[in-house]
Structures are given as structure tokens and as C-alpha cells.
Amino acid sequence: MSDLEAQHAPDASRSPRADGGLFTPSFIGLLLVIFLGAANDNIFRWLVIGIGKQYVSPESVRYVLMIGSVAFVLPYLIFAAHAGYLADRFSKSWVIVAFKAAEIGIMALGVAGMLMGNLTLLFVVVALMGAQSALFGPARYGAIPEIVSPNHISSANGVIGLVSVIATVVGMGLGNLLSDDFTGRLGEPRWMPAAATLIGVALLGWIASLFVRRLQPANPDRKFPANPLAIVRQTWADLSTLAHSRPLLRVALGITFFWSLGALAQLNIDQYAFEGGATMQSHVTWLLFSLVVGVGLGSVLAGVWSGGHVELGILPLGALGIMLSSLMLFTVQGVLIDPNDAPTHNYWFAAVFLSFLGIGAGLFNVPLESYIQHRSPPSQRGSIIAASNFLTFGCMLGIFLLFTALRTPYHEGAFENVRLPELTVDEQDAVAARRAQFVDDLKSGADPKIEDALAPMQGTAARRALLAAVLWEELRAKQAADQPLNYDQYKERFPHDLGVVYDVYNQATRLPLFSSAEIFLLCSLLTVPVFLYIVFLIPQAAIRFIVWLLSKTFYRIRVEGLANLPVRGGALLVANHVSWLDGILLLLISSRPIRMLVYGGNFENRILGWMAARFGAIMITANPKAIARALQTARGALRDGELVCIFPEGGISRSGQVQGFKPGLMKVLKGTDAPVIPIYLDELWGSIFSFERGRFFWKWPKRIPYPITIHVGRPLENPQDAHQVRQAVVQLGADAVHQRADRMTVLPRQFIRACKRRKTKSKVADSTGAELSGAQLLLRALVLRRLLRRHVLADDEQYVGVLLPPVAPAIVVNAALTIDRRVAVNLNYTLSADVINHCIAECGIRHVLTSRKFVEKLGLEIDAEMVFLEDFKDKSTLGDKLAGLLATYVVPASMLERSLQLNALKPTDVLTVIFTSGSTGMPKGVMLSHGNVGSNVEAIEQVVHLRSDDVIIGVLPLFHS
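Position 705, counted from 1, in the sequence shown is what my numbering calls 706; the numbers after and before it change by one each time, with no gaps.
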């Protein structure tokens with residue numbers, strides 16, 4: 002598999018430059034082209050199907066659905082080779098513009114078909130729309146990797162999936178509404194709204210295509226398949242190109258399954274609604290809306306969860322969603338639309354399950370579409386996509402024929418299956434009597450009229466029940482006499498009872514082989530082998546899914562420098578080793594397989610050994626011969642163009658720091674030209690699987706989800722020794738610390754969380770005997786903050802002086818100022834008054850918080866208003882205390898932080914000012930930011946490994962600490 006992947010990886014030297022994002026004019030233009038094209042396809046298709054259904058009986062509706070669908074899909078098979086040729090031979094942007102212009106003419110021909118009253122011509126136009134979509138489909142989707150950069154491909158496909166879904170919803174809705182509005186016969190004057198919509202959307206699509214920048218032809222020397230034999234040969238060549246790579250072929254088959262199942266579901270929803278009592282095409286719209294919105298949501302989720310690369314680990318979740326939601330749709334049986342044309346609770350249950358079906362489908366399809374775009378060679382991308390389309394639409398054609406066969410009338414119906422309104426006993430007797438009279442008239446040859454039988458009946462419910470009964474008797478009598486049945490005639494005679502007419506006619510003319518609910522059950526059963534195939538025959542995807550799910554649940558992973566991972570060719574990934582999960586996390590960030598050099602003793606368990614074998618892990622044991630074999634295997638993998646990963650420290654770090662690298666690293670590289678990719682795993686120290694707190698597993702995580710950042714460095718070509726590689730990894734670690742500072746949680750927020758987490762644990766104690774728990778410390782800080790804001794500090798007062806010894810109240814004062822987003826300046830009380838006043842002037846301090854007893858002992862005259870803490874004892878109100886208690890014990894930390902506006906603080910904001918001792922002149926103020934102090938706190942925690950029960954004794958005064 003890896004050899005083929007290396008062979009079919011995109012060739013960067015021939016690939017057009019693609020460094021754009023999702024907000025470039027080209028991508029937005031392409032997005033509009035796809036949106037308007039999909040919308041117009043669905044508007045016209047469902048308009049024609051809706052019109053066609055007005056002229057056939059219920060048992061023939063399957064033919065209308067089949068003809069409309071086949072007419073649209075068949076061109077994808079006929080023109081598959083031409084589509085691949087156009088996408089490779091010419092600029093994809095030129096192909097897009099040309100075929101969007103052709104769409105305008107095709108829609109004009111469709112309008113002519115409506116004016117001429119020619120239903121056959123309308124189906125021909127559907128086929129032309131299919132041909133137009135088929136011919137520029139590979140160019141449209143093949144342009145994505147030429148417009149956006151590789152790390153945006155999954156996101157781009159997710160957005161395109163959402164846009165396509167929205168377009169499909171809009172198209173289906175408008176198509177069904179226009180078909181309901183088209184109440185006259187073909188050629189009558191209700192064509193104007195449809196004509197304006199179809200031609201207007203086509204014109205807007207052509208304008209949008211002009212914004213797609215010019216793209217270079219991928220293969221300008223490709224020959225046109227001029228004759229049918231050449232077309233067959235080219236199609237076969239495209240299929241052979243696809244089949245040459247088993248991974249691409251598997252993905253193409255997955256895409257085929259997705260679209261085939263989607264086609265079956267879409268056709269089936271129409272019949273699902275009408276079997277449930279729908280009488281108009283607009284009743285189908287909300288069910289289709291639920292399905293396609295689900296597909297859009299699933300597509301976006303797949304794009305977001307892929308994390309900037311192609312993530313096949315999502316496939317099992319998508320397949321499971323399709324399987325379970327289809328099964329649930331089978332359980333929703335009964336009335337969907339009541340006789341008053343109102344949706345029932347079953348209708349909304351069906352809508353919910355259809356949305357889940359769509360979500361599963363989106364999660365299933367986006368990784369596959371992204372993979373085939375990303376991993377196809379640029380010079381053959383059009384051919385591979387065309388071959389994939391050939392498989393897809395060939396199977397869809399088979400699905401349409403299968404649907405027609407499944408809906409063939411087979412079972413005898415029964416009047417008991419007709420949905421009837423609830424009747425009183427008297428109404429039941431009246432209906433039975435009138436029905437008996439109608440039957441007697443039929444037997445006597447009197448040719449009774451249904452309208453005459455209904456005339457004396459009072460009450461809407463009784464009238465509908467009687468209509469069902471006498472219509473049933475008339476249809477059965479005509480069948481017995483071999484007289485033709487005319488469904489249109491009954492619709493015209495009873496336009497307000499279409500649901501009853503449909504139900505009775507269906508039961509009287511035999512039921513299909515499979516009901517629509519049973520077809521959903523069939524969809525579920527067909528998905529079971531696909532799910533099992535993914536789980537058991539492609540276990541890498543299943544394992545990636547499990548690990549991916551756990552990682553998304555318990556970790557929040559960021560990846561920096563992912564573009565430094567090579568798209569093709571061999572490379573040796575060299576990473577620091579911090580936890581048991583390091584290898585698995587690296588597997589998740591790469592869409593290419595990575596072969597890990599691992600210690601075999603850790604994989605003696607059968608399950609772990611099986612998993613390691615599936616991922617191609619290279620085992621190292623203590624045996625010298627085994628080590629030599631492992632190194633030789635790793636070298637061979639590099640020569641074959643595979644990615645190999647090694648943790649050269651030789652074990653998991655016990656301190657969180659990067660240890661020395663073993664010389665075996667260079668032995669792996671010997672004789673290969675493979676570059677070294679340095680990788681630094683940041684923030685993993687402290688997670689469950691690290692050795693922090695002296696053990697690997699049995700500890701609670703500090704946060705869920707736990708933040709992790711993986712930094713991928715630039716490739717090192719021909720490194721001289723292991724030390725050079727280690728320096729590159731260490732430098733990544735230094736860069737990681739700087740980047741981490743930009744998104745660190747500032748200390749005031751950490752203070753609130755720590756106090757709330759350890760409400761009853763002692764946090765501060767001093768030599769006077771004072772001791773405060775986490776809750777007490779936070780409560781006093783919050784109350785003091787309220788008092789200071791009300792009685793002392795102005796809103797624009799940023800710097801506040803503190804003149805206190807290192808005691809518990811001084812900690813409360815500093816905390817109160819900090820959570821009020823002010824800067825606490827602890828003044829050096831060992832200096833003279835002149836020097837202290839210099840410091841006050843430097844900071845622009847207006848108030849100094851202190852203690853009366855302390856100032857009297859110092860005997861200082863300060864050039865700022867002194868605020869004595871003792872004076873606040875009588876100023877706190879019951880409201881202050883209740884607010885503090887509520888914030889401390891009830892309000893969540895995140896909400897409290899937002900109410901204090903601490904989320905607005907940045908790491909670069911000033912936290913405190915510390916003055917030098919002034920031994921060489923006047924003291925200089927050092928402005929320390931939240932990032933400065935916070936990074937020191939993190940460094941101490943990482944090096945010293947403090948535990949929750951550790952006690953730190955502070956001997957320095959606050960103005961020096």
C-alpha cells in the first residue's frame with residue numbers, strides 16, 4: 002500500500018501552484034459556480050419529475066422517477082472519457098466558463114419544451130443538463146487542489162459539501178414549488194416563473210465562473226477520444242489508472258457506494274412521503290430538506306474534524322450513522338400527512354432520522370473526496386476523477402433500475418390498509434349503509450355515480466370514509482370487468498381528497514414488491530458489509546477512528562507547520578518522547594501512513610501487537626540482531642518513499658525535558674537521501690500518559706480537553722550527527738514556548754480556577770497564624786474589589802500602590818487588584834520616603850493600600866493618598882458578602898471570568914511593576930506582563946514538579962518576589 006501511495010502521490014514539480022485559502026476570489030467564484038449549478042440541476046430535474054407525475058397513475062410514478070434520473074445520470078457514463086480529456090487537456094477554468102455558458106442555452110431549450118407542451122423534450126433537456134454537468138465535473142472538482150493549498154483541501158471540500166447541500170435544498174424546494182404551481186397542461190401560460198428562475202440562475206452561474214483565475218492545463222498533449230472505440234479504450238485506461246492504486250480504487254468504490262445509496266434514498270423519499278399521505282410535491286420538500294441539510298452539516302463537521310489533513314478515521318462513524326438512521330426510518334411507519342394536509346409526529350420523526358442519515362453520509366463522503374483529490378497525481382487527476390465518476394454513475398444507473406424493480410406492483414392490496422378518519426358509531430353505520438347501497442347498484446348494472454352516493458353524507462370525516470369505500474368498490478368492479486382505470490379522472494373529480502384517492506387507488510391496483518420503508522431497511526442492511534469492511538479489512542481506519550474519537554474527547558490538538566510534512570517521498574520524523582500517546586498522536590496528524598520504530602516489549606499483548614502490525618510498526622528488541630534488522634527495515638522503508646518515525650531519546654522523558662539522542666538515529670539514515678523532519682510535542686507533560694507526578698496513568702487530568710500542540714519543523718537535509726538533529730528539536734521547543742505565551746491563560750483566571758478547584762484546601766498562611774483556604778481567599782478578594790471600586794479607585798486608575806509586609810492580607814490585596822484588571826505595585830518599605838515617592842511618581846500612583854499600624858511603625862510621609870485596610874471592616878454590606886459568596890460557590894469559573902472581563906486580558910498586558918533596589922541610583926521600574934510571570938510559573942511547575950499537597954515557604958518580601 003505504501004509503495005503505491007508513494008507512486009501516486011502528487012508530484013509537486015508538475016502541480017500548479019496552489020497556495021490560496023478559502024476566501025480568495027477564485028475559490029469564492031468556484032463556490033458560486035457549484036452552488037448555482039447544483040441548484041439549477043435540481044430545480045429543472047424536480048420540476049420535470051413533478052410535471053411528469055401529473056400525467057401518470059401512481060403505479061407508473063416509478064417510471065417517471067427512473068426516466069428523469071436515468072436521463073440525468075446516463076451522460077456521466079457516455080461522456081466520462083471526454084470529461085477526463087477536457088479536465089486534463091485544457092485549462093480547468095476555461096472549461097468551467099464554457100460549460101456555464103452552455104447551461105444558459107440548455108435552460109432556454111427547456112423553456113421552449115414547456116411552451117411547446119412536449120414532455121419528451123423536457124426529459125431530453127434533463128439529459129442535456131446531465132451531459133453539461135458530466136463534461137465539466139472533473140474540471141470543477143479537479144480545480145479545488147489547484148486553487149487552495151493542501152492544508153485547506155479538507156476544509157474546502159467541507160464548505161463545498163455544505164454549499165452543494167444548500168443548493169440542493171434550494172433547487173428541490175423551488176423545483177417542487179414550481180411543479181405544484183404548474184397546474185395547467187403543458188404549453189399553458191404558467192411557464193413564466195419557471196422560465197425566469199431557470200435562465201436567471203444559469204446566467205448568474207456563468208458570471209460567477211468568470212472569477213475563477215486561469216489555471217494551467219495539466220496535460221496539454223492528451224489526445225481527444227474521437228471514435229467510440231477510442232472512448233471505450235480511454236474509459237478503460239482511466240479505470241486502469243484508478244485500479245493501479247488500490248487505495249485510490251477503494252476510495253472510489255466508497256464514493257460510489259455513497260452516491261448510489263444517496264440516489265436510492267432520494268428517489269425513495271418521494272414515495273415514502275406519498276405512501277404516508279402526501280398529496281403534493283411540496284410535502285416531499287421538508288423531508289428532502291432534512292436529508293440534504295444533514296449532509297451539509299456532516300460535510301462541515303468532517304472538514305473541521307479533519308484538522309487540516311485528510312482524515313479517513315471518520316469513515317466508520319459515517320458508515321455507522323448511515324446504518325442506524327436508515328434502520329430507524331424503517332421503524333417510522335404510518336400516517337405522515339393527515340387528511341387535512343398537516344404533518345403528523347411521524348413526519349417530524351422521519352425528518353429527524355433523515356437529517357441523521359445525511360450527517361452520516363457527509364462524514365462518510367468528505368474524507369473520501371478529499372483523499373482522491375489530494376492523493377491523485379496532478380497529471381492524471383482528471384482521468385482518475387472521471388473514472389471515479391464512471392463507477393459512481395454506472396452504479397447509480399443500476400440503482401435506478403433496482404428501484405424500479407423494487408417498486409413493481411406485486412402484492413394484492415386490501416381496503417383495511419387505507420388510512421381512514423376516526424368515526425362515531427352512527428357515522429360508521431351510515432357509511433356502511435351507503436356502501437351497501439352502492440354495491441347493490443353496481444351489481445344491478447345501474448352504473449351509480451360516486452358523487453351521488455356522497456351527496457347526502459354529512460361531516461367531512463364521514464364523507465371521506467364513504468368516498469374511500471365506494472371508490473374501492475368501483476375500482477374492484479372495473480378490474481373484474483377488465484375495464485381501464487383512469488387515475489387522472491379521479492384526481493380531477495375529487496381535487497380536495499387526493500390523499501384518499503391515492504391511498505385507495507394504490508391498494509386497488511396492487512402494492513409494490515418493497516414498500517418505501519422496507520427500502521430504507523435495505524439501505525441499512527447494505528451498509529452493514531461496508532461498515533464491517535472498514536472495521537475489519539481496513540483496520541487502520543477503524544483504529545484511527547477510535548483514537549481520533551478519544552483525542553477529540555480528551556485532547557484539543559493544535560498542529561503548527563503541518564505543511565513541512567512531505568506529500569511524497571521518504572522522510573525520517575524525529576520527535577521528543579513525552580508520553581505513551583506520542584506515536585498515536587503523530588499518526589493522527591498525517592494523512593500518509595507513518596511507520597513507527599517502537600520497543601517490542603511494549604507490544605507483547607496480542608491486541609497491541611495486532612494493531613502495531615496493521616500500522617506497519619518496526620519492532621526493536623534488546624537482541625543485537627533484531628536491532629540490526631529493525632534498522633535495515635527502517636532504511637528500506639525510507640528508500641521506498643515511506644514516512645518513518647523514531648523517538649531517539651530511547652524512552653519516555655521522566656522530567657518533561659528533551660534528553661540526549663541515541664546514535665542509532667544516524668544509522669537509520671545511512672545510505673538514504675531522506676530528509677529529517679524535527680517534531681516537538683508540546684504541552685503533553687502533565688497529561689495522563691506522561692510521567693508527571695511520578696506515575697504514568699493513575700492520575701486525574703488537569704483539564705478536559707487537555708491542550709496539546711505539535712510543532713513540525715522544516716526538513717533537515719543530510720544532518721551531520723544526532724546532536725544537530727537534537728538542536729533542531731530543542732529549537733522547536735523554544736519556539737513553542739514563545740507561541741504558547743500568546744495563547745496562555747493569564748494568571749488572574751488561573752487564580753480563580755485554582756481557588757474554586759481547591760475551595761477547602763489551605764492556600765495562604767503567614768507567621769501571625771492567619772490561614773486562608775481557596776474559597777476564603779477568593780471570597781475576600783472579591784469583596785475587597787467591590788469595596789475598592791465603590792469607595793476608593795477611579796475607573797481610569799490603573800496603577801495602585803501596595804505597602805504591606807508579606808502577610809495573608811497582602812495576598813488578598815494583590816489578588817483583589819489583579820482580578821479588577823489593575824496593576825499592583827508593591828513598594829519597598831525599607832527605602833526612604835524620597836525614594837518611595839520617586840517610585841510613586843514614576844507609576845503615577847494616586848492611592849497606596851496599606852495598614853495604619855504598619856505606616857505608624859515606618860513613619861513615612863507618602864505623596865499619595867493612603868488607604869488603610871482597617872477602615873474597610875465596617876464598610877462591607879450584606880450585599881457585598883452575598884455577591885462574594887455567590888461568585889465563589891455558585892457561579893462557574895468561566896462565567897465569573899467573563900463578568901470580571903478577565904477574558905479581555907492579553908499575555909502582553911502589564912501584571913505588576915517591581916522596582917530595583919536602587920544600589921546604583923534611583924530604583925528602576927520593571928514592568929512585568931502576565932506572560933512574563935506566567936511563563937515563570939509554568940517553568941517552575943515543569944522543572945520542580947509541584948504536587949497539590951506541597952507547601953512553598955516564601956522568605957522574600959513582596960516587592961522583590
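C-beta: ideal position from N, C-alpha, C; glycine also.
For clarity, every value in this text was computed on a predicted model and none was experimentally measured.
Open item on the list: I'd like to confirm the pairing. Which residues does DSSP put opposite Ile680 in its beta bridges?
Closed with: Ala576, Val713
TODO: With 7 Å as the threshold, decide whether the Cβ of Asp864 is near any Cβ in chain D.
DONE: Absent here is chain D; the protein component of the structure consists of one chain.
TODO: Within its chain, find whatever has a CB closer than 6 Å to the CB of Ala638; leave out the 5 residues flanking it on each side and keep chain order.
DONE: Arg596, Val645
TODO: Let me know the secondary structure DSSP gives Leu850 once reduced to three states.
DONE: strand
- [ ] Can you tell me which of the three DSSP states Asn719 falls into?
- [x] coil
- [ ] Buried or exposed for Gln374, please, with buried defined as at least 16 other CB atoms from any protein chain shown within 10 angstroms of its CB.
- [x] buried
Task: Cβ contact check for the region 199-208 and the region 74-91: 3 or more pairs under 8 Å - done: no
Open item on the list: Looking at the strands, I want to know which residues DSSP matches up with Phe258.
Closed with: In DSSP, Phe258 forms no bridge with anything.
TODO: In the DSSP assignment, find the unbroken alpha helix (DSSP H) run with Ser763 in it and report its ends.
DONE: Taken as a continuous stretch (DSSP letters only), Ser763 belongs to no alpha helix (DSSP H), being part of the beta strand (DSSP E) at 763-766.
Open item on the list: For Ala776 and Ile680, which I take to be in contact (beta-carbon distance under 8 Å), what is that distance rounded to the nearest angstrom?
Closed with: Contact flag wrong, Cβ pair sits at about 42 Å.
TODO: Tell me Ala825's beta-bridge partners as DSSP assigns them.
DONE: Val801, Thr913
Open item on the list: For a quick check, are the C-beta atoms of Ala825 and Leu861 less than 7 Å apart?
Closed with: no
Open item on the list: So the candidates are Asp641, Arg636, Arg655; which of them puts its Cα closest to the Cα of Ile647?
Closed with: Arg636
Task: Asp951 burial status per 10 Å Cβ neighbour count (16 or more: buried) - done: exposed
Open item on the list: Please report the straight-line C-alpha distance between Arg186 and Leu129, rounded to a whole angstrom.
Closed with: Residue confidence for Arg186 is low, a pLDDT of 46 falling below 50, so the modelled location carries little weight; the figure read from the coordinates is stated next. So the two alpha carbons sit approximately 23 Å from each other.
- [ ] List the endpoints of the continuous alpha helix (DSSP H) containing His792.
- [x] 775-792
TODO: Determine the burial state of Lys101: buried for a count of at least 16 other Cβ atoms within 10 Å of its Cβ, exposed for fewer.
DONE: buried
Open item on the list: Taking the straight line between their C-alpha atoms, what separation do you get for Asn719 and Arg948?
Closed with: 43 Å
Task: Start-to-end residues for the beta strand (DSSP E) that takes in Leu586 - done: Taken as a continuous stretch (DSSP letters only), Leu586 belongs to no beta strand (DSSP E), being part of the alpha helix (DSSP H) at 583-590.
Task: CA nearest to the CA of Leu804, picked from Val813, Glu898, Asn347 - done: Val813
- [ ] Could you please give the first and the last residue of the uninterrupted beta strand (DSSP E) stretch that includes Leu364?
- [x] No beta strand (DSSP E) contains Leu364, which is instead part of the alpha helix (DSSP H) from 346-376.
Task: 7 Å Cβ shell around Pro260 - same chain, five flanking residues per side excluded - done: According to the sequence as given, residue 260 is Trp; it is not Pro. Contacts found: Thr393, Met397.
- [ ] Determine the contact status of Leu778 and His931, defining contact as a CB-CB distance below 7 Å.
- [x] no
- [ ] Go ahead and pull the three-state DSSP assignment for Ile953.
- [x] coil
Open item on the list: Counting C-beta neighbours from all protein chains within 10 Å, is the total for Pro893 16 or more, i.e. buried, or is it exposed?
Closed with: exposed
Open item on the list: Taking the alpha carbon of Phe960 as the reference point, which residue from Ile915, Gly926, Val419 has its own alpha carbon closest?
Closed with: Ile915
Open item on the list: Assuming Pro146 and Gly85 are in contact, meaning their beta carbons sit under 8 Å apart, how far apart are those beta carbons, in whole angstroms?
Closed with: Not quite, the Cβ-Cβ distance comes to about 16 Å (not below 8 Å), so this is no contact.
Open item on the list: Distance check for Leu364 and Gly314, CA to CA, integer angstroms please.
Closed with: 10 Å
- [ ] Could you tell me the distance, in whole angstroms, from the CA atom of Leu402 to the CA atom of Ser134?
- [x] 21 Å
Task: Cβ-based burial, Ala433 [other Cβ within 10 Å; buried from 16] - done: exposed
Task: Asp271 beta carbon less than 7 Å from that of Val293 - done: no
Task: Nearest candidate by alpha-carbon position, reference Leu912, set Ser656, Thr921, Glu939, Tyr800 - done: Tyr800
TODO: Assign Val160 to one of three DSSP states: helix, strand, or coil.
DONE: helix
TODO: Evaluate contact between the region 25-44 and the region 148-165, counting only Cβ atoms and requiring at least three cross-stretch pairs below 8 Å.
DONE: yes
Task: Paired residues, beta bridge with Cys646 - DSSP - done: Leu574, Met597
Open item on the list: Just to confirm the assignment, what range does the alpha helix (DSSP H) spanning Phe290 have?
Closed with: 283-306
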